[in-house]
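Remarks on the structure that follows.
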Amino acid sequence: MRLDVVTIFPEYLEPLNVSLVGKARARGQLNVHVHDLRDWTYDRHNTVDDTPYGGGPGMVMKTDPWGDALDSVLADGYDTGSHAPALIVPTPSGRPFTQELAVELSERPWLVFTPARYEGIDRRVIDEYATRMPVYEVSIGDYVLAGGEAAVLVVTEAVARLLPGVLGNAESHRDDSFAPGAMANLLEGPVYTKPPRWRGREIPETLLSGHHGKIARWRRDEALKRTAANRPDLIERCDPKSFDKKDREMLSILGWAPDPAGEPYGRFWRRVDDVEQ
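Numbering that gives the first Met the number 0 applies: residue 0 is where the sequence shown begins, and numbers increase by one.
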């Protein structure tokens with residue numbers, strides 16, 4: 000996979016040289032290029048922003064530096080044999096970045112990131128490149144950062160770890176929180192390692208039993224408990240068909256029941272206490 004990042008703060012992307020992403024780069028699994036947007040400015044102040052039309056606070060990133068930068072990056076990528084680029088635009092107003100989207104992006108051969116600063120990039124830039132390639136406007140959360148570089152790091156790490164050969168154990172990501180499969184839509188439960196006793200705290204007995212069926216059930220129950228406590232919205236949206244009898248029993252213990260009235264709206268479960276109130 001090829002990754003290009005155009006930014007006014009290339010140094011912010013130094014973490015791409017360490018950990019799993021850095022190792023993937025060293026092995027040639029990721030071909031990463033970080034570009035300084037100011038290389039495509041033509042005044043002595045290297046200006047990349049201007050005041051917004053219509054007034055208002057803040058500054059808007061200009062069309063020409065971004066257009067020239069993206070044209071150059073795309074031409075270079077095609078010259079080196081890359082194909083089918085996708086433009087990734089980090090923005091608080093984008094679609095939520097999820098594990099499902101990470102999987103989708105991991106299947107693309109080339110991602111080009113445009114982390115903005117100030118009030119964002121002149122909209123015409125995004126509209127222009129949307130006529131040439133898929134554009135993903137993504138948000139990593141319901142908050143606002145000073146710029147999009149942190150989002151680039153988040154998306155890159157989430158995508159890179161899904162690439163074949165990047166993780167030492169290919170099975171490692173299959174039971175992740177939000178991963179497709181048996182644990183889909185549930186958060187991952189707690190994990191433990193040696194020693195079996197630490198500061199008076201014991202490993203759950205089930206994990207020491209060697210009984211694979213009981214261990215799998217314990218992990219599933221813990222995932223249900225954690226999800227119900229930390230992300231009840233995920234429980235609400237879980238398709239009842241994804242739960243077996245034991246799952247339903249645990250959900251009942253946790254105070255959840257099927258909600259037929261909510262099914263047309265994609266809400267399949269509700270808290271019993273909420274209804275009684």
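All C-beta atoms in this analysis are idealised placements derived from N, C-alpha and C, irrespective of residue type, glycine included.
Query	Result
Close-in-space but distant-in-sequence residues of the same chain around residue 117 (CB under 7 Å, 5 per side omitted)	48, 57, 58, 59 and 60
Straight-line Cα distance separating residue 63 from residue 29	29 Å
Burial state of residue 34, where buried means 16 or more other Cβ atoms lie within 10 Å	buried
Contact set for residue 165: own chain, Cβ-Cβ below 7 Å, skip 5 residues either direction	19, 23, 28 and 159
For residue 241, the three-state DSSP class (helix, strand or coil)	helix
Three-state secondary structure (DSSP) of residue 128	helix
Which of helix, strand or coil DSSP assigns to residue 187	coil
Sheet register partners of residue 120 (DSSP bridge)	60
First and last residue of the uninterrupted alpha helix (DSSP H) at residue 256	Careful: residue 256 lies outside any alpha helix (DSSP H), inside the beta strand (DSSP E) at 255-257.
Assigned secondary structure, residue 201 (DSSP; H/G/I helix, E/B strand, else coil)	strand
Nearest-angstrom Cα separation, counted from residue 210 out to residue 239	27 Å
Spatial distance of residue 114 from residue 202 (CA atoms)	44 Å
Cα-Cα separation between residue 8 and residue 106, rounded to whole angstroms	28 Å
Status (buried if at least 16 other CB within 10 Å, exposed otherwise) for residue 151	buried
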